[in-house]
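Inspection log for the structure reproduced underneath, given as structure tokens.
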Amino acid sequence: MDVFLLSQNFSKQLKIAKNNYLQGDVVIVDQFETYINAFKAMDLNLLDNDLKKKAFFINLYNGFTSYLIIKEGVKKSVKEIPDFFKIPIITLNQYTFSLDDIEHGLLRKNARKHILPNDKRLQFMVDNLDYRIHFALNCGALSCPPIANYTLANIDAELNLATSVFTENEFIIDDKTQTIMCSEIFIWYKEDFSNMYLDHPKFKDYSVIKRPYSWFL
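UniProt numbering numbers the first residue of the sequence shown as 1 and each following residue consecutively.
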């Protein structure tokens, strides 16, 4: 199976499995070994441009977040598991990654030097940071963007839609009172958004009211 379709199906199947798990069903994670073994054997040279990297790694991140929630027996919040996002859970060929490695190392272009400069895994990071990933990655919390399945053919349109939906609900502007009520995502990753959102010149005199981030599942 095409690795991009594989990652898409993995994300979709794990979303269903996580929902079943949260409803009290017994979910055996071993049933996903076929996917995991395929990722272990994949040719990483296929990830030769940013569109491919984003389509693949976003699905992989979302799928493995759901997988780890089930595998670790998370009950109410990923905060129950120390260093949940640092667990080395993803193996691609000879390389192993945590969820943080995928997000901050590869998709955020090694923001804040998350991965050491001489680490060979950095060859798989994007060439250009795309702020829209923040509206597509689901960390297993209630305040995260919803999980969607991203396709190589339509990744740009799908990221635009994810951005539109999230900002419409989580970046509320009141011009009369000159206030902005927003998700903490816009504060945490302000540097990634550059001159957009909270750093947009038109909002320089606006007050920011942050919506507390809910880490509950």
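Note that beta-carbon positions come from the ideal geometry of N, C-alpha and C, so glycine has one too.
What you are looking at is a predicted structure, and each value in this text was computed from that prediction instead of being measured.
Handout entry: Boundaries of the beta strand (DSSP E) in which residue 115 is found, first to last residue
Key = What you label residue 115 is simply residue 115 of the sequence shown in a count that begins at 1. Run containing residue 115: none; DSSP gives neither H nor E here.
Handout entry: Inter-residue CB distance, residue 7 and residue 60 (contact presumed, cutoff 8 angstroms)
Key = The residue given as residue 7 occupies position 7 in the sequence shown. The residue given as residue 60 occupies position 60 in the sequence shown. With 8 angstroms as the limit, residue 7 and residue 60 qualify as a contact, their Cβ atoms being about 5 angstroms apart.
Exercise for the section: State the DSSP-derived secondary structure class of residue 126, mapped to helix, strand or coil. Expected result: Residue 126 sits at position 126 when you count from the first residue of the sequence shown. Residue 126 falls in the coil class under three-state DSSP.
Handout entry: Contacting residues, own chain, Cβ-Cβ under 6 angstroms from residue 134 (five flanking each side not counted)
Key = As a working mapping, residue 134 is identified with position 134 in the sequence shown. Correct list, in chain order: 185 and 189.
Handout entry: Residue from 166, 2, 16 and 203 whose Cα sits closest to the Cα of residue 44
Key = Within the sequence shown, the letter at position 44 stands for residue 44. Checking every option, the nearest Cα to that of residue 44 belongs to 2.
Exercise for the section: Verify whether the separation of the beta carbon atoms of residue 54 and residue 130 is less than 8 angstroms. Expected result: Position 54 of the sequence shown, counted from the first residue, corresponds to residue 54. Position 130 of the sequence shown, counted from the first residue, corresponds to residue 130. In contact: residue 54 and residue 130 (Cβ atoms closer than 8 angstroms).
Handout entry: residue 168 versus residue 144: straight-line alpha-carbon distance, rounded
Key = Here residue 168 refers to the residue found at position 168 of the sequence shown. Here residue 144 refers to the residue found at position 144 of the sequence shown. So the two alpha carbons sit approximately 14 angstroms from each other.
Practice task
Hey, could you find the ends of the beta strand (DSSP E) residue 97 is sitting in?
Solution key: Numbered from 1 along the sequence shown, position 97 holds the residue referred to as residue 97. Taken as a continuous stretch (DSSP letters only), the beta strand (DSSP E) holding residue 97 covers 95-97.
Exercise for the section: May I ask whether a heavy atom of the ligand NAD can be found less than 7 angstroms away from the beta carbon of residue 73? Expected result: The ligand NAD is not part of the structure shown, which contains no ligands of any sort.
Handout entry: Contacts around residue 108, its chain only, beta-carbon distance under 7 angstroms, and the 5 residues preceding and following it disregarded
Key = Taking the sequence shown and counting its residues from 1, one reaches residue 108 at position 108. The residues are 129 and 192.
Problem - chain C within 8 angstroms of residue 142, Cβ atoms only - result: The chain labelled as chain C is not found in the depicted structure, where only one protein chain is given.
Problem - Whether residue 152 touches residue 180 by CB criterion (8 angstroms) - result: Position 152 of the sequence shown, counted from the first residue, corresponds to residue 152. Position 180 of the sequence shown, counted from the first residue, corresponds to residue 180. Cβ distance not < 8 angstroms, so residue 152 and residue 180 don't count as in contact.
Exercise for the section: Assign residue 217 to one of three DSSP states: helix, strand, or coil. Expected result: Numbered from its first residue, the sequence shown carries residue 217 at position 217. Three-state DSSP puts residue 217 in coil, outside helix and strand.
Problem - Buried or exposed by the 16-neighbour rule on C-beta atoms within 10 Å, applied to residue 25 - result: To locate residue 25, count along the sequence shown from 1; it is residue 25. Exposed, since its Cβ has fewer than 16 Cβ neighbours within 10 Å.
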